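A.B. asks: Chains as they are written, first to last, in the numbering used here: chain F, 1 to 381; chain U, 1001 to 1128. By construction, the Cβ of each residue, glycine as well, lies at the ideal position given by its N, Cα and C atoms. Given the structure is predicted, the values throughout are model-derived calculations rather than measurements. Supplied in structure tokens, the structure appears directly below.
Below, the structure written as structure tokens:
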């Protein structure tokens, strides 16, 4: 995880902070937030990770930010500041996208939800909340739409895993079978009316994210009811440690690692979410130029073939020990039971089957380029 | 988990059990708890000379990498090869999962190490 800036004014807490501590969570500072990294009493990162792959796990992701754009020109504003084509979204649909600088590099990656006719919700990363909001506000001034920072209004709880749908259905009147992946609905959840329910997540698994009022009492009530309802499915609380290994197995980007203000869309391999044919958007011209110029580096998946674990920031070398790139994220993968990593390397090393070395604590450990994502969830009926 | 009273402990959270000129080394229960799920152990080969206070290997959990510091100087006589394939044994039984056996260079080196009660106190004060 990236080091927290020394200028972070105070460490922030979600409304569930006391609940996590009471459950014996191991807490860490993450992007200025005091967050659970794991719950040793339920088994720790590996058990949490596998609960999500095999059953269901519950995460407090209230540190994520939310920006709402509403008004007659909300769509035009969203189109201008994001790379995916929001005009394709039906009401109730969501898409992965990104906010780009004019250089074609990342302000942040986002999920764009279309909540209504002229009503969009962008869900953004914790570490980039203020930066993102200021950037969205400053770059949408010419449009007739209201931009609101709702980041502190919600406790966001992620219910992730194949049994997530069974769990949440016990607590809501909304028909979840009618909600496809990457769609949203509203319904009563735990007796609370009109709760936003999104079938989204960051675990490469089926699942839901619910947005409930951020006061401590309501947040704790929902959290506890979700855990209670999940008992029959083996639901356990999960921390940021499992969240990271789950997203890494699914090759999902993390800001500050696979994407940043110095990495462009093509390098990050996110071209399929970038719609060059849609009306102009910030970053488009630079991406056009970058495409013609060709790639200098590209993101690849690595699997260690010798003993060793690649970690964030470790150097990647060719067979002659010449430095050619670096690891953006690396870990033991608890479900795949392999040591995996994402890394930037020059395109000539990016072919599946190519071997490189990762400098693990001054020792070159051989790794092989493998297809990504490392993990793809099985199709279920 | 109780800290065996026939072990000595370092402030870097290794334990050592001495038997005449030889000794057995591992990491403490507190260390395994702080690390979380252990997934990788790197140990020296038999015959390697190690020096008190210097690193002799490393242990990695899903989240963290931690150096192992030699509680005493000596020659590695035996390595617990089982930990290469089953590192999670350390989480289950840190004081029973030895890492290396040492032929000690100077048993007097152990004098500065902590007794069980003192180590327990040290861990409590460290906020662990």
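Kindly provide the ranges of any beta strand (DSSP E) runs that are 3 or more residues long and lie completely inside the region 258-322 of chain F, ordered along the chain.
C.D. replies: If we require 3 residues or more, the beta strand (DSSP E) runs fully inside the region 258-322 of chain F come out as 298-304 and 315-317.
A.B. asks: Is it true that the region 1065-1077 of chain U meets the region 1017-1027 of chain U, where meeting means three or more beta-carbon pairs spaced less than 8 Å apart?
C.D. replies: Yes, the region 1065-1077 of chain U is in contact with the region 1017-1027 of chain U.
A.B. asks: Compile a chain-ordered list of the residues in the region 1117-1128 of chain U whose CB is closer than 7 Å to at least one CB of chain F.
C.D. replies: Hits within the stretch: zero.
A.B. asks: Closer than 7 Å, Cβ to any Cβ of chain U: which residues of the region 43-55 of chain F, in chain order?
C.D. replies: Answer in chain order: 44, 45 and 46.
A.B. asks: Looking at the C-beta of residue 1036/U, does it have a partner C-beta in chain F at a distance below 7 Å?
C.D. replies: Here residue 1036/U refers to the residue found at position 36 when the second chain is read from its first residue. Yes, residue 1036/U lies at the interface with chain F (some Cβ there is under 7 Å from its Cβ).
A.B. asks: Can you name, in chain order, every residue of its own chain whose Cβ lies under 6 Å from the Cβ of residue 1002/U, other than the five neighbours on each side?
C.D. replies: To locate residue 1002/U, count along the second chain from 1; it is residue 2. Closer than 6 Å at Cβ, skipping near neighbours: no residue.
A.B. asks: Using a C-beta cutoff of 7 Å, does residue 1062/U count as contacting chain F?
C.D. replies: One-based indexing of the second chain puts residue 1062/U at position 62. Judged by the 7 Å Cβ criterion, residue 1062/U is in contact with chain F.
A.B. asks: List the residues of chain U that residue 253/F touches, going by C-beta distances under 7 Å, in chain order.
C.D. replies: Residue numbering aside, residue 253/F sits at position 253 when the first chain is read from its first letter. Going along chain U, no residue has its Cβ under 7 Å from residue 253/F, so there is no contact; the nearest lies around 19 Å.
A.B. asks: Could you please give me the residues that DSSP links to residue 195/F through a beta bridge?
C.D. replies: On the first chain, position 195 is the one that residue 195/F refers to. Paired residue(s): 187/F.
A.B. asks: Inspect the CB distances between the region 350-368 of chain F and the region 309-324 of chain F and report whether three or more fall short of 8 Å.
C.D. replies: With a cut-off of 8 Å, the region 309-324 of chain F and the region 350-368 of chain F count as touching, because enough Cβ pairs lie within range.
A.B. asks: In chain U, what lies closer than 9 Å to residue 330/F by C-beta?
C.D. replies: In the first chain, the residue the question calls residue 330/F occupies position 330. By Cβ distance, chain U contributes nothing, its closest Cβ being about 11 Å from residue 330/F, past 9 Å.
A.B. asks: Please identify, using Cβ separations under 7 Å, the residues of the region 1045-1069 of chain U that lie next to chain F, in order along the chain.
C.D. replies: Going along the region 1045-1069 of chain U in chain order, one finds 1058, 1060, 1062, 1063 and 1065 with a Cβ nearer than 7 Å to chain F.
A.B. asks: Taking contact to mean 3 or more Cβ pairs, one atom from each stretch, closer than 8 Å, check whether the region 229-246 of chain F and the region 64-77 of chain F are in contact.
C.D. replies: As far as the Cβ criterion goes, the region 229-246 of chain F does not touch the region 64-77 of chain F, which means the pair count is below three.
A.B. asks: Residues of chain F with CB under 8 Å from residue 1076/U, in chain order?
C.D. replies: Walking along the second chain from the start, residue 1076/U turns up at place 76. Correct list: empty, because the minimum Cβ distance to chain F is about 18 Å.
A.B. asks: Could you check which residue in 57/F, 280/F, 308/F and 325/F has the C-alpha nearest to that of residue 77/F?
C.D. replies: Residue numbering aside, residue 77/F sits at position 77 when the first chain is read from its first letter. Closest by alpha carbon: 280/F.
A.B. asks: Using a Cβ cut-off of 7 Å (strictly closer), state whether residue 309/F contacts chain U.
C.D. replies: Translated into positions along the first chain, residue 309/F becomes position 309. Answer yes: the Cβ-Cβ gap between residue 309/F and chain U drops below 7 Å somewhere.
A.B. asks: Determine whether the Cβ of residue 1007/U lies closer than 7 Å to any Cβ atom of chain F.
C.D. replies: Taking the second chain and counting its residues from 1, one reaches residue 1007/U at position 7. Answer no: the Cβ-Cβ gap between residue 1007/U and chain F never drops below 7 Å.
A.B. asks: I need the DSSP call for residue 160/F, collapsed to helix, strand or coil.
C.D. replies: Indexing the first chain from 1 puts residue 160/F at position 160. If DSSP states are grouped into helix, strand and coil, residue 160/F belongs with the strands.
A.B. asks: Applying the 10 Å Cβ sphere with the 16-neighbour rule, what's the burial state of residue 108/F?
C.D. replies: One-based indexing of the first chain puts residue 108/F at position 108. Result: buried.
A.B. asks: Taking contact to mean 3 or more Cβ pairs, one atom from each stretch, closer than 8 Å, check whether the region 123-142 of chain F and the region 290-310 of chain F are in contact.
C.D. replies: Flag = no, the region 123-142 of chain F and the region 290-310 of chain F do not touch.
A.B. asks: Given this structure, state the Cα-to-Cα distance separating residue 202/F from residue 1070/U, to the nearest angstrom.
C.D. replies: Taking the first chain and counting its residues from 1, one reaches residue 202/F at position 202. Taking the second chain and counting its residues from 1, one reaches residue 1070/U at position 70. If you take the alpha carbons of residue 202/F and residue 1070/U, they lie about 41 Å apart.
A.B. asks: Compare the C-beta of residue 4/F with all C-beta atoms of chain U and state if any pair is closer than 7 Å.
C.D. replies: Numbered from 1 along the first chain, position 4 holds the residue referred to as residue 4/F. For residue 4/F, the predicted structure reports a pLDDT of 47, less than 50, and the residue's modelled location is therefore unreliable. A value from the coordinates is still provided. For residue 4/F, the answer is no, since every Cβ of chain U falls outside 7 Å of its Cβ.
A.B. asks: Taking Cβ positions, are residue 52/F and residue 205/F nearer each other than 7 Å?
C.D. replies: To locate residue 52/F, count along the first chain from 1; it is residue 52. To locate residue 205/F, count along the first chain from 1; it is residue 205. Yes.
A.B. asks: Looking at residue 94/F and residue 83/F, is the spacing between their C-beta atoms short of 7 Å?
C.D. replies: If you number the first chain from 1, residue 83/F lands on position 83. If you number the first chain from 1, residue 94/F lands on position 94. Result no, Cβ atoms of residue 83/F and residue 94/F do not sit closer than 7 Å.
A.B. asks: Using 10 angstroms around the beta-carbon of residue 132/F, count the other beta-carbons present and answer buried if the total reaches 16, otherwise exposed.
C.D. replies: Counting from 1 along the first chain, the entry for residue 132/F is found at position 132. Per the 10 Å Cβ criterion, buried.
A.B. asks: Closer than 7 Å, Cβ to Cβ, to anything on chain U: give me those residues from the region 228-248 of chain F, in chain order.
C.D. replies: Cβ contacts with chain U come from 241 and 245.
A.B. asks: Kindly indicate if chain U contains any beta-carbon less than 7 Å away from that of residue 38/F.
C.D. replies: The count along the first chain starts at 1 and reaches residue 38/F at position 38. Closer than 7 Å: yes.
A.B. asks: Which term fits residue 1052/U, buried or exposed, when burial requires 16 or more other beta carbons within 10 angstroms of its beta carbon?
C.D. replies: Indexing the second chain from 1 puts residue 1052/U at position 52. Burial call: buried.
A.B. asks: Tell me the DSSP secondary structure of residue 3/F in three-state form.
C.D. replies: As a working note, residue 3/F is residue 3 in the first chain. Unreliable positioning characterises residue 3/F in this predicted model, as indicated by a pLDDT of 46, which lies under 50. A coordinate reading is not provided.
A.B. asks: How long is the line joining the alpha carbons of residue 115/F and residue 1123/U, rounded to whole angstroms?
C.D. replies: Position 115 of the first chain, counting from 1, holds the residue named residue 115/F. Position 123 of the second chain, counting from 1, holds the residue named residue 1123/U. So the alpha carbons of these two residues sit roughly 52 Å apart.
A.B. asks: With 16 other CB atoms within 10 Å as the buried threshold, where does residue 5/F fall?
C.D. replies: Start at 1 with the first residue of the first chain, and residue 5/F comes out as number 5. In this prediction, residue 5/F has a pLDDT of 48, which is less than 50 and means its spatial position is unreliable; nothing more can be read from the coordinates.
A.B. asks: Compare the C-beta of residue 1197/U against all C-beta atoms of chain F and say whether one is closer than 7 Å.
C.D. replies: The structure shown does not extend to residue 1197/U, since chain U is modelled only from 1001 to 1128, so the question has no answer here.
A.B. asks: Checking contacts by CB at 7 Å: is residue 365/F closer than that to chain U?
C.D. replies: The residue labelled residue 365/F in the question sits at position 365 within the first chain. False, the Cβ-Cβ gap to chain U never drops below 7 Å.
A.B. asks: Contact between the region 1108-1117 of chain U and the region 1084-1097 of chain U is defined here as three or more beta-carbon pairs at a separation below 8 Å; is this criterion met?
C.D. replies: Flag = no, the region 1108-1117 of chain U and the region 1084-1097 of chain U do not touch.
A.B. asks: For the beta strand (DSSP E) containing residue 228/F, list its first residue and its last residue.
C.D. replies: Residue numbering aside, residue 228/F sits at position 228 when the first chain is read from its first letter. Looking at the DSSP string, residue 228/F is not in any beta strand (DSSP E); the run it does join, the alpha helix (DSSP H), is 216-230.
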